[in-house]
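The next block holds one structure in the form of structure tokens; read it before the comments.
There are 2 protein chains.
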Amino acid sequence: MIRSEDRPVCHRSSPGHHCEGCSVRPLAVCGALGPGELERLSRVSSSQRIAAGSCLIEEGEPAECVFTVLEGILKLYKLMPDGRRQVTGFLIPGDFVGLAFGESYIYTAEAVVEGAACRFTRNQFHRMMEEFPALEGRLLSKVSTELAAAQEQMLLLGRKTARERLATFLLGLARRMNRSAGEQVRLPMGRADIADFLGLTVETVSRTFTAMRKAGYLSTVDKHGVVITDLDRLREAAGD
Amino acid sequence: MIRSEDRPVCHRSSPGHHCEGCSVRPLAVCGALGPGELERLSRVSSSQRIAAGSCLIEEGEPAECVFTVLEGILKLYKLMPDGRRQVTGFLIPGDFVGLAFGESYIYTAEAVVEGAACRFTRNQFHRMMEEFPALEGRLLSKVSTELAAAQEQMLLLGRKTARERLATFLLGLARRMNRSAGEQVRLPMGRADIADFLGLTVETVSRTFTAMRKAGYLSTVDKHGVVITDLDRLREAAGD
DNA sequence: CGTGTTATTGAAGAACGTCAAGCGGGGTGG
DNA sequence: CCACCCCGCTTGACGTTCTTCAATAACACG
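For the protein sequence lines, the chains are A and B, in the order given. As numbered in our numbering, residues 74 to 313 make up the first sequence, in order. As numbered in our numbering, residues 74 to 313 make up the second sequence, in order.
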């Protein structure tokens, strides 16, 4: 398992850190590009490691860079002045971060576990888009998919019960990770992150896990491992 | 004021209805296109009126067409099997509808008041995008803006109180309609739509309106008219 | 092995939902 | 023209779900 550094509050990872060895990876993100395009791409990109708990970008800061996740898991969240937090999503390798069309970032991206990201300045990114028109289409498709997911999440947050929220979350995670019933689903994030993603408290998430275990929907391996034991009933519990 | 037809449940507006007189309008949507492009555009588009309460598209139906709103207001919503509803947004002229990158629509778009929309088949739309590359960029920008709004709404639905939700909603509406304090903000939608947008019940929305009136934040002209009387306190009530 | 952190569990409370009744405005029909 | 009705909004009383507060338990790490 990936080690995570102790880091009580999020802080910026060193912006100067590059990792030239990773510069070939963006192809995973940009998809079917020709070999010439790939070559150019690797010249403008620079990679950096992200320690668990550190922030790639922070809400409100000037939006200077765009990133793609190469490795690890990031959580995106928004904060209210009094500290209330809403996690808007979890990013996996291949996802983009920092695509704000405004002056500053509108959310924070923090690493859940250690990982790596590929960085572009906005200028680099825009030049890339001009140079590889295929990229814009892929990007549009990606953002549209995210918008659809966001709308699904709005239904969850606005209308579903705690049990339905957790069931929906677990089913979505299992599908995203290509796990079927009986196989273990890993939850890299803590209960607090799950709670803030589902619009609940840690206590409610914990209680709901327990209730589902008792009801026989699932069993927990450890804090970060879940096995769906009764897929049909979990689906039923998800509401739709 | 625009009359609304009595229509208890939504139904599809006649798909064959065209309105050739409107075919020049899409320029409002597609933005700064050259005159030659505009000409081509008007040849492929066809317009239709939408009666209040009728649905332009419905969740689950095969996604055959893409629309742009020319006039009126649409609400987008998702339904659960038991009837629970989440309104994910309100569309105003210039917005796109039906940009599903899948087989079928993932939400219903229903007219709040009578309006008009410009229709393209998916093929027409894709050909347009190939023909006018500028369109794809504008579309990306639009979808990104919507995604940002969706994330803001997730914060609202997941973490804000009823008062904060309504205050946020009203402030957003006033800003979108370019109204400042003292001016009237029109709410074309009913209380049920507001409730389903904010993840509340009509009763709670109604009570919160009353509480805000009593607290002096705002005054209501009629059911569909609101005047913000104390902007600072309303902002404070919005939470952030 | 101790300490800080995260997860679980319990009891009490608050916010919002549910149910039910009443109000009001616009449209319809007598 | 007026009465009636229908539908949407408001208001009240009561319930339920989730949160809050607090204590304990299980880890992870030094």
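Don't be surprised by glycine CBs; every beta carbon is placed ideally from N, CA and C.
{"Query": "Whole-angstrom C-beta distance between Gly175 of chain A and Phe140 of chain A, which should lie under 8 Å", "Result": "About 17 Å; that fails the 8 Å criterion."}
{"Query": "Three-state secondary structure assigned by DSSP to Ala28 of chain A", "Result": "With chain A running from 74 to 313 in the structure shown, residue 28 of chain A is simply not present."}
{"Query": "Ile130 of chain B in three-state terms, based on DSSP", "Result": "strand"}
{"Query": "Where Ala223 of chain A falls, given that 16 or more other Cβ within 10 Å makes a residue buried", "Result": "buried"}
{"Query": "Exposure of Thr161 of chain B, with buried meaning 16 or more beta-carbon neighbours within 10 Å", "Result": "buried"}
{"Query": "CB-CB length for Gly145 of chain A against Val186 of chain A, believed under 8 Å", "Result": "5 Å"}
{"Query": "Tyr335 of chain B at chain A interface by Cβ criterion, 8 Å", "Result": "Missing from the structure shown is residue 335 of chain B; chain B here goes from 74 to 313 and no further."}
{"Query": "Sequence-distant residues of its chain with Cβ nearer than 8 Å to Gln257 of chain A (five each side left out)", "Result": "Val294, Gly298, Val299 and Val300"}
{"Query": "Whether Gly210 of chain A touches Ile123 of chain A by CB criterion (8 Å)", "Result": "no"}
{"Query": "Under 7 Å from the C-beta of Thr161 of chain B: neighbouring residues of chain A", "Result": "Gln224 and Met227"}
{"Query": "Chain B contact for Ala277 of chain A (CB, 8 Å cutoff)", "Result": "It should be noted that the sequence gives Thr, not Ala, for residue 277 of chain A. Thr277 of chain A does not count as touching chain B."}
{"Query": "Short Cβ contact (8 Å threshold) for Gly126 of chain B with Val142 of chain B", "Result": "no"}
{"Query": "Assigned secondary structure, Ser214 of chain A (DSSP; H/G/I helix, E/B strand, else coil)", "Result": "helix"}
{"Query": "Cutoff 8 Å: Ala190 of chain B Cβ touching any chain A Cβ", "Result": "no"}
{"Query": "Outcome for Asp305 of chain B when other beta-carbon atoms lying within 10 angstroms are tallied against a minimum of 16", "Result": "exposed"}
{"Query": "Environment of Met250 of chain B [buried if 16+ CB atoms lie within 10 Å]", "Result": "exposed"}
{"Query": "Cα-Cα separation, Leu271 of chain A to Ser120 of chain B", "Result": "40 Å"}
{"Query": "Helix, strand or coil at Leu291 of chain B according to DSSP, with G and I counted as helix", "Result": "strand"}
{"Query": "Contact with chain A by Leu239 of chain B, beta-carbon distance below 8 Å", "Result": "no"}
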